[in-house]
Amino acid sequence: DVKVTQSSRYLVKRTGEKVFLECVQDMDHENMFWYRQDPGLGLRLIYFSYDVKMKEKGDIPEGYSVSREKKERFSLILESASTNQTSMYLCASKPRRDTGELFFGEGSRLTVL
Amino acid sequence: SQQGEEDPQALSIQEGENATMNCSYKTSINNLQWYRQNSGRGLVHLILIRSNEREKHSGRLRVTLDTSKKSSSLLITASRAADTASYFCATNSGGSNYKLTFGKGTLLTVNP
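Keeping their order, the protein sequence lines are chains A and B. Residue numbering for the first sequence follows my numbering, starting at 1 and increasing by one per position. Residue numbering for the second sequence follows my numbering, starting at 1 and increasing by one per position.
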């Protein structure tokens, strides 16, 4: 059974802290994604990666960076967390083929105080 | 920017009734997908329809696609309380196969 695991379901951080959100997939997928989900705004793509050490900006990359050192792991980094980054963060992966179906993790709900 | 826009934003029905949700999009697509999200959880893929397909079925789900109108609909027949969730359409516009663009979702409530 395919699995995308996000390390933390709930996090509470303070403004200015550095935050790491980790995502691991066990399906040997080439492509991995980070989305954030906010009420009334739906899902918005932050960054995606199509291979190890490769990354591309999504629609809202400002304030975020990512790391893909190993194929199975894709990390989202908030260098200096701000209250407007309070959100649900969703990681997803897919194989490099044309179907386009994404496999999602359970989400990480981040609150920045 | 949001590609897909679902309609209605919220839908409340009784168990056993059918639920229809619509999705409109703006640019040409390779495929359109529907996902389901239970409250506070991740999204689960339901069905994918390619741009050269007009209708697709999967169990109690029926999806239609009208590329001339840039719209799709998701029909859930004989709904159950367990179908209560948010439903999202997502479009893949080609060029890069890496990106899906999601709509804001329809919240479906099925009352027992």
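The beta carbon of each residue, even a glycine, is placed where N, CA and C say it ideally should be.
How is Asn18(B) classed by DSSP in three states: helix, strand or coil? coil
Where does Gln9(B) fall in DSSP's three states? Coil at Gln9(B), not helix or strand.
Reduced DSSP secondary structure (H/G/I, E/B, other) of Asn30(B): Note: Asn30(B) maps to coil in three-state DSSP.
So with CB distances below 8 Å, who are the chain B contacts of Glu17(A)? Within 8 Å Cβ-Cβ: nothing; Glu17(A) doesn't reach chain B, min ~23 Å.
Cβ neighbours of Ile60(A) in the same chain (closer than 8 Å, five flanking residues each side left out): Closer than 8 Å at the Cβ level, and outside the excluded window around Ile60(A), lie Arg36, Arg44, Leu45 and Ile46.
Look at Met21(B) and Glu6(B) and say whether their C-beta atoms are less than 8 Å apart. When the beta-carbon positions are compared, Met21(B) and Glu6(B) come within less than 8 Å of each other.
Which two residues bound the contiguous beta strand (DSSP E) that contains Asp38(A)? For Asp38(A), the enclosing beta strand (DSSP E) has its first and last residue at Asn31 to Asp38.
Thinking Gln37(B) and Phe88(B) are a contact (beta carbons under 8 Å), I'd like their distance in whole angstroms, please. Right, the Cβ-Cβ distance comes to about 7 Å (below 8 Å), so this counts as a contact.
Where Asn133(A) and Lys56(B) are concerned, what is the direct C-alpha to C-alpha distance, given to the nearest angstrom? Lying before the first or after the last residue shown, residue 133(A) is absent from chain A, which here runs from 1 to 113.
If you compare alpha carbons, which of Pro39(A), Gln25(A), Ser67(A) and Asp28(A) is closest to Leu107(B)? Pro39(A)
Taking all protein chains shown into account, do 16 or more other C-beta atoms lie within 10 angstroms of the C-beta of Ser1(B), making it buried, or fewer, making it exposed? Confidence in Ser1(B) is poor, its pLDDT being 39 and thus under 50, which makes the residue's placement unreliable; the coordinate value appears in the next sentence. Around the beta carbon of Ser1(B), a 10 Å sphere encloses fewer than 16 other beta carbons of the protein chains shown; the residue is thus reported as exposed.
Check whether the segment 60-69 of chain A and the segment 6-13 of chain A are in contact - that is, three or more C-beta pairs closer than 8 Å. no
Would the segment 59-69 of chain B and the segment 75-84 of chain A be scored as touching if the rule is three or more Cβ pairs under 8 Å? no
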